[in-house]
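Notes for the one structure printed next.
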Amino acid sequence: PIGLINRLEFNGSRQVTHTSWEEKILAIQDEEADLSMEIESSYDENSNEVSININTTFFNDLPEDYNLIVSFIEDSVIDWQKWYGNTPEDVENYVHRHVLRDNINDLWGDPIDPTLTTTGTEHTFQYSYAPNTDWNLKKSYIVAYVYNTSTNEVLQVAEAHADEH
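Once you know that position 86 of the sequence shown is 78 in my numbering, the rest is easy, because the numbers rise by one and skip nothing.
Shown next, in the form of structure tokens:
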């Protein structure tokens, strides 16, 4: 497998083979974060709405443009899967992990006001979302991340259960 690590470039490429993941992660793991994020979510069964608060604190001045993406993820979705080279190739009850069900905000996220990306600034982004009633909320999560719109580097990610009260 090939993956991305914070969408950073390593040796001129963003694509990192699985044999190098640990090495690349260890190389950046001690870097200071530019911001912190915490998600608080609560689900109202009567309205079928998830209320989401994303609390951020910026530790450094970030002079470029940044977006916030908020996604709805369901884990352990059981459905068909094509498994090439396997016998049989069609697997009826395959367990799909961490399935992106929907973007809660825009596909590319919401722009973060530059006045919020300065040292010491705290801000809460608020969203409300009505998930599909066929999805299993007990196995669903809200995932949010901030990224630099010119480099696409991911600065911070947070996750919370969608059905917390």
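Backbone N, C-alpha and C define an ideal beta-carbon position, used for all residues, glycine too.
For T11, count neighbouring C-beta atoms within 10 Å of its own C-beta (all shown protein chains included) and say buried if the count is 16 or more, exposed if not. exposed
Indicate whether the contact test is met: 3 or more Cβ pairs, each with one atom in the region 109 to 121 and one in the region 42 to 55, closer than 8 Å. yes
Are the region 61 to 68 and the region 131 to 139 touching, with three or more C-beta to C-beta distances below 8 Å? yes
Please work out which residues of its chain come closer than 6 Å, Cβ to Cβ, to S68, disregarding the five sequence neighbours upstream and downstream, and give them in chain order. V87, K131
Quick check on N66: buried or exposed, where buried means 16 or more other Cβ atoms within 10 Å of its Cβ? It is worth fixing the name first, because residue 66 is Glu in this sequence and not Asn. Buried.
One or two residues paired with K130 in a DSSP bridge: Paired residues: none, contrary to the question.
Since A150 and S33 should fall inside the 8 Å C-beta cutoff, what is the C-beta to C-beta distance between them, to a whole number of angstroms? No, A150 and S33 are not in contact; Cβ-Cβ is about 11 Å, not under 8 Å.
According to DSSP, residues forming a beta bridge with F117: I46
Rounded straight-line distance, which links the Cα of N40 to that of T125: 8 Å
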